[in-house]
Amino acid sequence: MDSDTDQQPIRVMVVDDHPMWRDAVERDLQAGGFDVVAVAANGAEAVARFPAARPQVVVLDLQIPAPNGVEVTAEVLRHDPSARVLILSASGEQTDVLEAVKAGATGYLVKSASREELLDAVRRVARGDTVFTPGLAGLVLGEFRRLSDPSAAEVDQPQLTERETEVLKMVAKGMSYKQIADRLFLSHRTVQNHVQNTLRKLQMHNRVELTRWAIEQGLDEE
Amino acid sequence: MRPAAGAFCVLVMVLWTGTALVAYADPARRRPWFLGLDLLVTLGLLVASPIVKGESFNATVPGFWVMCALLAWAVRYHWQGGLLASVLVAGTDLLVRDEINQTNYGNTFLLLIAGPIVGFMCESLQMMAKERDKAQRAALAEAERARLARAVHDGVLQVLALVQRRGAELGGEAADLGRLAGEQEQVLRTLIRSQDAVSSSSESAHAVGDLAAALGELGARPHVSVATPGTVVELPAAVVRELVSVVAACLDNVVVHVGAAASAWVLLEAFPDRVEISVRDEGPGIPAGRLEAAAAEGRLGVSESICGRVTDLGGTAELSTGPFGTEWELVVPLEAL
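Protein chains in written order, with the UniProt record's numbering: chain A, 1 to 222; chain B, 1 to 337.
Okay, here's the thing in structure tokens:
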């Protein structure tokens, strides 16, 4: 499955304000054959170094000195939409994680994950896959439930298909993509696509919201 | 009748009114000696009344002006000061008259009532202001403490996660240390979440609990992962307690039948009309017929008790089991609560 071995090593940037962690993650990534093209200790450094380093994957701690992880996610993806952001968080601050995903992050991992899990997550995120924890799936599911609440009368809320909801629910229950594929008689790739679609809808909605907000504030007239 | 003396008294009153206005404007100048002087001026003018206006006068020279000193005393020394000043003023007023009619009696009565009551009200107001200031300071200090705690907690979480990770890689005794660090990390994370829940819901009624936060605390158990919608899910506190203990019973079951190292997943979903909770493990599942056999023997199994407790809440509990593991689906409609 891994086709990156014969290609160029994946370029990664590590953003974390804890030197211990930054070094540990950098060491692990280098040992795993990745090319760590830049590190940053805060949001300002991350945004400043991103354009020159052009990483494919940004491994990002959410709790960093300003601008925070959510803003950094939005900023780097605005610069280079083909880049991928993997959130590596210690505190599990739920709302922050959801905001980062809305801003375009496609992976989330808690820091207690093992080295193999981290390397695997970076590889998968670089391939364009999504890396979910059950907790994040629960948050996304809750967000869609809120958006589809009839009392929040909006016309263009994103809706999940029945299949997407089913898949997301299984992820939230801790099932792996393979288990879900077996249970639903789908291919691994199809399950992966369903999960990606849910994230895409959430990000699209976020963009629509931001645009509407900007128009309401009169920012489009400049 | 002495018109010149009368004019002098009025001049004294005008000047003293100006002096008092300036003096009382600054709290630092509201000294006992000045308040005493204020009262003495008032009493002096009362005493001067028979001299200025003749023996059988109707109204005293200061008239209702006496209220000013009296109220100053009530404001400064509360009901005690108000009472003392009103007794002195009313007493002097009665003493200098040669006869006392019903109007004098009525005015005296009003003076004696006004002093202590105004004093009492001032005391209450000042106390409330003090308490409000204290509460505001406490709230500010609490917010600052929480902010500092978040920074410290974040650092501790980072280190615990790192120890856990490196420990697992090093193996041996370090792996044990890492495992301990991992357990503490989960405990601390759960504590932080439950503290957040307390501070965000402290304003709502006591009879309401947050099911999401309460279930989140179960995530402190080893190998248990809890997924919630990320918002407050408010239900009656008793229902929250019951549901948490039912889910805890399901998790205990996993430990007993699958093993202490088995992973389990809890998912809470909140709909406008119901809540759904799923508890899943990847054990061997419950062998067919075991539940029926237990029921036939008259033993109330754990499963029975789980179903019963959810039914008591007006909901349903369904068990699906097989080689993929065991999953409880608890559904509780909200209108039943």
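In this text, a Cβ means the ideal position worked out from N, Cα and C, and glycines have one as well. A quick note: this is a predicted structure, and the numbers were derived from the prediction, not measured.
Asked: Boundaries (first-last residue) of the beta strand (DSSP E) holding G325(B); Found: 325 to 333
Asked: Rounded separation between residue 412(B) and D98(B) - CA only; Found: The structure shown does not extend to residue 412(B), since chain B is modelled only from 1 through 337, so no value can be given for it.
Asked: Inter-residue spacing [alpha-carbon to alpha-carbon] between E66(A) and S320(B); Found: The amino acid occupying residue 66(A) in the given sequence is Ala; Glu does not appear at that position. Using only the alpha carbons, I get a separation of about 48 Å.
Asked: DSSP state of A69(B) mapped onto helix, strand, coil; Found: helix
Asked: 7 Å Cβ cutoff, L139(A) in contact with chain B; Found: yes
Asked: Per DSSP, cross-strand counterpart(s) of L191(B); Found: Answer is none; L191(B) lacks a bridge partner.
Asked: Delimiting residues of the beta strand (DSSP E) encompassing M175(A); Found: M175(A) -> no beta strand (DSSP E), and no H or E assigned at all.
Asked: Listed by chain order, chain A residues near R280(B) by CB distance under 9 Å; Found: K173, G174, M175
Asked: Residue-level contact to chain B via CB, G32(A), 7 Å cutoff; Found: no
Asked: Test: T321(B) CB closer than 7 Å to a CB of chain A; Found: no
Asked: Per DSSP, cross-strand counterpart(s) of residue 338(B); Found: Outside the shown range of chain B, which is 1 to 337, sits residue 338(B), and nothing can be said about it.
Asked: Closest residue to A41(A) among N197(A), Q30(A), V58(A) (Cα-Cα distance); Found: V58(A)
Asked: Cβ-based contacts, 8 Å cut-off: residues of the region 35 to 67 of chain A near chain B; Found: Q63
Asked: Minimum Cβ-Cβ distance from P134(A) to chain B less than 7 Å; Found: yes
Asked: Contact check, A69(B) vs G115(B), beta carbons under 7 Å; Found: no
Asked: Chain B contacts from the region 98 to 132 of chain A (Cβ-Cβ distance under 8 Å); Found: L98, V110, K111, S112, A113, S114, R115
Asked: Below-7 Å beta-carbon distance, A205(B) vs any chain A residue; Found: With a pLDDT of 49 at A205(B), under the threshold of 50, the modelled position of this residue cannot be trusted, and the question is left open.
Asked: C-beta contact flag for L141(A) and L168(A) at 7 Å; Found: yes
Asked: Alpha helix (DSSP H) segments (min. 4 residues) lying fully within the region 237 to 263 of chain B; Found: 237 to 257
Asked: Any 3 or more C-beta pairs closer than 8 Å across the region 82 to 92 of chain B and the region 127 to 136 of chain B; Found: no
Asked: Cβ-based burial, R147(B) [other Cβ within 10 Å; buried from 16]; Found: exposed
Asked: Neighbour flag for L191(B) against chain A, beta carbons, 7 Å; Found: no
Asked: Cutoff 7 Å; reference N197(A); Cβ partners in own chain excluding five residues on either side; Found: E164
Asked: Identity of the residues DSSP links to M13(A) by a beta bridge; Found: A38(A), V58(A)
Asked: Cβ-based contacts, 8 Å cut-off: residues of the region 211 to 236 of chain B near chain A; Found: S225, V226, A227, T228, P229, G230, T231
Asked: Candidates S49(B), R179(B), V247(B), of which the one nearest P3(B) by Cα; Found: S49(B)
Asked: I306(B) (DSSP reduced to helix, strand or coil); Found: helix
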